[in-house]
Structure formats: structure tokens, C-alpha cells
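Its first residue numbered 905, the sequence shown is counted upward by one per residue in my numbering.
Notes to accompany the following structure.
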Amino acid sequence: MAQPLVLKKKTKKPVLALVLAAGKGTRMKSSVPKVLHEIGGKPLLGHVLNAVNGADIHKIVVVAGHGEKQVRSFIGNQASVVRQFPQAGTGHAVLCAASALKHFQGLVLILPGDAPGVREETIREMVRIHKQSEAIATVLTACVKVPDGYGRIIRSGDQVAAIREELDAAEEERAICEINSGIYLFEIQVLLKHLRALKQNNRKKEYYLTDVVEALAEEGQIVRGFQVSNEEEVLGINSRVDLARAEKIMNQREIEKHQKNGVTIVSPDNTWIASGVTIGSDTVIFPFSWIESCVKIGSHCHVGPFATIRQGSKIGDQAVVGCFVEVVRSNIGKGSRVKHLTYLGDATLAENVNIGAGTITANYDGVKKQKTVVGKGAFIGSNTVLVAPIRIGQGAKTGAGSVVLGKQHVPAGKTVAGVPAKLIQRKSNSKKKI
Ligand code: UD1
Ligand code: CA
């Protein structure tokens, strides 16, 4: 059967995303705005913006207020920003964006900046279903084990009749386990009309965006619930306890992604991998390793246990970054081995380098971070200190316990040893003729 014309028209509507990020986050007890607290090395707001960016959204607007300067500087040019001052509730926050919304003919997708688990696929699906339905608004919901602190979804048949905040809910309403994620789709113009009529008649004396849902339902408009089965997608971060829970969930997500790509993670509960990391197949990550964002690890590598690989470092195929090794802003070439108790900062290792236990690159001279370059096949003896800037030539060696001073570059094939390290002149092998 052909689709009715009106539905076809709806499907063309562009979607503007509005992220609410002005709240203080009182329960975090922090001087940092809540949405800038990090999980997986990325602010909560960054996770939300990523999900929105992947979901074919026309434009993104963020409402900032508390810690506005810091929030703006994080956002940069990822979205436009409007100010909410004072922060008088989620309904008021949306109203503060009215000037950005009012000329936009389409849908607004509203998301809280403190719910980092939503997936772009979910947003896409929600938009698709909303556009095909006759609903004026759609609320993303989930049934959760512990609904404490969330707004409860009051249903009337298959429609949403109201959202009741916990503080204002009657006992039987509190028993409802379907909760409001804080993510909604509204027809913009209809929403704006109802926002202006909001009252602060609740325990917190705020303008609640959630009250718009009841007003719409009372008017006979259709509000649908789009329920996700995975409650992790709707986890709102209000406290440090929530933050740690979300960190674990997002970490598991990342780990599963790598496992599916052929990476062995020996103990997923004791391994941390930030988002945006790439790892080649058949690499094994041993427990208690900490891998930051934008790190690239090749295939057939061994990492850990207790390895720390900091942001942006690169580890080539078949390399080993072993026990108690920290790698910072460094590139480790294919087949190189850094097996024990080592700090590599601002270092570039070519292929097949061997770094002995206890090696340290002294990369900070108190003013600048200096570079260390180690050539192919070089052998750095145990407990060497490489004072940067320094270059160790191809196939060169350092003796155990050497301190190779800055700029005392070691030529290819040569050996240095001692404190400070000096070139070792090898005696000729040929015996003197008698
Ligand atoms: C809100 C919802 C609740 C839902 C939950 C989902 C309301 C009234 N309640 O409750 O139904 O279950 O989210 O996580 O909407 N914000 C502003 N300006 C403000 C107040 C808040 O921008 O004046 C922002 C916050 O920065 C935050 C988001 O809105 O990112 C949600 O605010 P929060 O105070 O955390 O609301 P909840 O109590 O969690
Ligand atoms: Ca919240």
C-alpha cells in the first residue's frame, strides 16, 4: 500500500540536535562542569557529540551555562553554543535556545550532555521511526533494574501520557521501571509553544522539559516511547558512582570491539582501552594495561601486563611493550622489544630495537620535551639513561648502566658505556705477528 502523502512530507524534515550541558552537576561535588568529566579519556559531552555527529543531524547546538568558558573551549567548532543563565531547569534550557530553533522547520533532537552511552545507531533508528509515525514527540526510554533518580514514564496504552520526576512521583509511580533517558524528538514549533507555558510547579521549582510531554498528551497529541533494550544506553551521570559505572560500561564496549577484531584481551575487567584506539589482529593485551585515545597498535604485538601507552603513541607490528613500561608520544618500530621497567617519552624507535630493562629516556630538560631517536637494530643495555635530545645510530649499543648525555649522539654500529657514556674503542682481533 502506498504511504499517505503526509508521512512522505514528514520524512524530509531536517533534524537539529540540542544538547543540554548547562547544569552544575551539584552531586559531582566538583569545580569541573559535570559534562566535562571524562570517561574513556573523553568528556561526557564528547561522547554525546560523537553519537550525534554519526547520526546524520543537520546542525548541533549546545546549551552551556555552568563553567561556560570551559565547555565552550572544549566544543570549539564542533557545535554552536547558546547560554543559559541562571540554570532554571531543562525546560528553561531549551527555551534559552529558542532563538536558534525558531526559524528551523523540522525536528529537534534533545539530549542531555551527561548521558554518554547512547549509540549513533539508536539515534538514527529513533529518528527513522519517529518520521514514519504520526507522533508529535518521541521519548527514548528503557526499563532499568534500579530506576532511582530518573523520571518515570507514565503510559496510557502505547502512548506516553506523562513523565514524572522521582521527587514528585507518587509511590506507585516510583515503582515503574520504565524511565526517561532525557532524549527526545519534538516538532520544533509545537515544542516552543508549550515551553512558554511551563510552570515551576514541582519540588525543585524548576522549569521541567518533561512537563511538555503531559501537556501534549492532554491536548490529544500523540507522544510515543521508543524503548531500547540495553539500559546502558540511557545511563545518566549524576555522581562519581555513576561516572565509575559508565567508565566500566564504555570500557567493556571498547574491549568487545577489539575482541571482535581478533585481539586477545586476557582480562577484560582489568584492562582499560580508551575510545579511538586501533589494534591489529593477534595482538595480546595482558592485564592492567592502560591504553589512551588515538593509540595505534599493530598486529602480533604483546602489551603488558602493567603497560601504559599514552595518547597518540604508535606501536608497530610484532613489537613488545612489556611489564611496567610507559610509552608517551612515542613510535615503536616493527619487531622492537621494550620488555621491562622502561619509560619512553618523545622517542622514535626504528625496527628491531632492543631496549633493556630499566631504560629511561630523560626527555624533559625542565623547559622543553626533547626527542630520542633510536636506529634500526640498536641494542640499549639495561638501566641506560638516554638524555634527550639524542640519536642512537643503527646497530649501535649502550652498555648496562650507561648515561648517554644529550647531543652525544652515538654513531651507527658503535658502542658506548659508562657515566657519562664514552665510545668504546674495540681492540683489533688480529694478533700481532712475532
Ligand atoms: C533529567 C530528566 C529525567 C531523566 C534524566 C535522564 C528533567 C526534569 N528530568 O533528570 O526525567 O530521567 O534527566 O538522565 O528533565 N541542564 C541544563 N540546564 C538546567 C538543568 C539541566 O542544561 O537548568 C542539563 C544538565 O547539564 C544535564 C541535563 O540537562 O546535562 C540533565 O539535567 P540533570 O539535572 O542531570 O537532570 P536529571 O535530574 O538527571
Ligand atoms: Ca542527569
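From the three backbone atoms N, C-alpha and C, an ideal C-beta is built for every residue, glycine too.
Counting along the chain, residue 1000 sits inside the alpha helix (DSSP H) bounded by residues 994 to 1000. Look at residue 1050 here: in three-state DSSP terms it is coil, with no helix or strand label. Pairing residue 1271 with residue 1133, the inter-Cα distance amounts to about 53 angstroms. Membership of residue 952 in the alpha helix (DSSP H) is indicated by the continuous run 948 to 957. Straight-line measurement puts the Cα of residue 993 at about 15 angstroms from the Cα of residue 1096.
Taking non-hydrogen atoms of ligand 1 into account, the C-beta of residue 1274 is found less than 6 angstroms away from none of them. The way I'd put it, the segment 915 to 927 does touch the segment 958 to 969; three or more beta-carbon pairs between them come closer than 8 angstroms. Per the coordinates, the alpha-carbon of residue 1063 lies some 10 angstroms from the alpha-carbon of residue 1125. The alpha helix (DSSP H) runs lying completely inside the segment 1250 to 1289 and spanning 4 residues or more number zero.
If you draw a straight line from the Cα of residue 996 to the Cα of residue 1204, it is about 54 angstroms long. Bridge partners of residue 1131 according to DSSP: 1045.
Relative to ligand 1, even the nearest heavy atom lies 6 angstroms or more away from the CB of residue 1102. Annotated three-state conformation of residue 1246 is strand, per DSSP. Closest in alpha carbon position to residue 1043, among 1080, 1030 and 1053, is 1030. Under DSSP, residue 1088 shares a beta bridge with 1014 and 1043. Taking C-alpha positions only, residue 923 is separated from residue 1098 by approximately 19 angstroms.
Taking 7 angstroms as the cut-off, the beta carbon of residue 1014 is found closer than this to the beta carbon of residue 1088. Leaving aside the five residues that flank residue 1280 on each side, the residues in its chain whose CB is nearer than 8 angstroms to its CB run, in chain order, 1237, 1254, 1255, 1256, 1257, 1298 and 1299.
If one requires a minimum length of 4 residues, no alpha helix (DSSP H) run lies completely within the segment 1158 to 1199. According to the DSSP assignment, residue 1319 belongs to the beta strand (DSSP E) that extends over 1319 to 1321. The criterion of a C-beta distance shorter than 7 angstroms is not satisfied by residue 1148 and residue 1139.
Residues 1243, 1244, 1245, 1246, 1286 and 1287 of the same chain have their beta carbon placed closer than 8 angstroms to that of residue 1261, with the five preceding and five following residues left out of the count. When the alpha-carbon of residue 1005 is set against those of 1019, 991, 1020 and 985, the nearest one is in 985.
In chain order, 945, 946, 1178, 1179, 1180, 1181 and 1215 place their CB closer than 7 angstroms to the CB of residue 1197, counting only its own chain and leaving out the 5 sequence neighbours on each side. Taking the CA atoms as reference points, residue 1120 sits about 52 angstroms from residue 1191. Here residue 977 carries a helix assignment [DSSP, helix/strand/coil]. Taking a contact to require three or more Cβ pairs closer than 8 angstroms, the segment 973 to 980 and the segment 1050 to 1060 do not qualify as touching.
Here residue 1217 is buried. Its C-beta has 16 or more other C-beta atoms within 10 Å.
Residue 984 sits in a strand when the DSSP states are folded into three classes. With respect to the 7 angstroms criterion, residue 1276 and residue 1265 are classified as neighbours on the basis of their beta carbons. The nearest non-hydrogen atom of ligand 1 is 6 angstroms or more from the C-beta of residue 1131. When the Cα atoms are used, residue 1231 and residue 1164 turn out to be separated by approximately 25 angstroms. Residue pairing of residue 1211 in beta bridges, as defined by DSSP: 1229. In this structure, the C-beta of residue 967 approaches ligand 1 to less than 6 angstroms from one of its heavy atoms.
Just so you know, the alpha carbons of residue 987 and residue 1016 end up roughly 15 angstroms apart.
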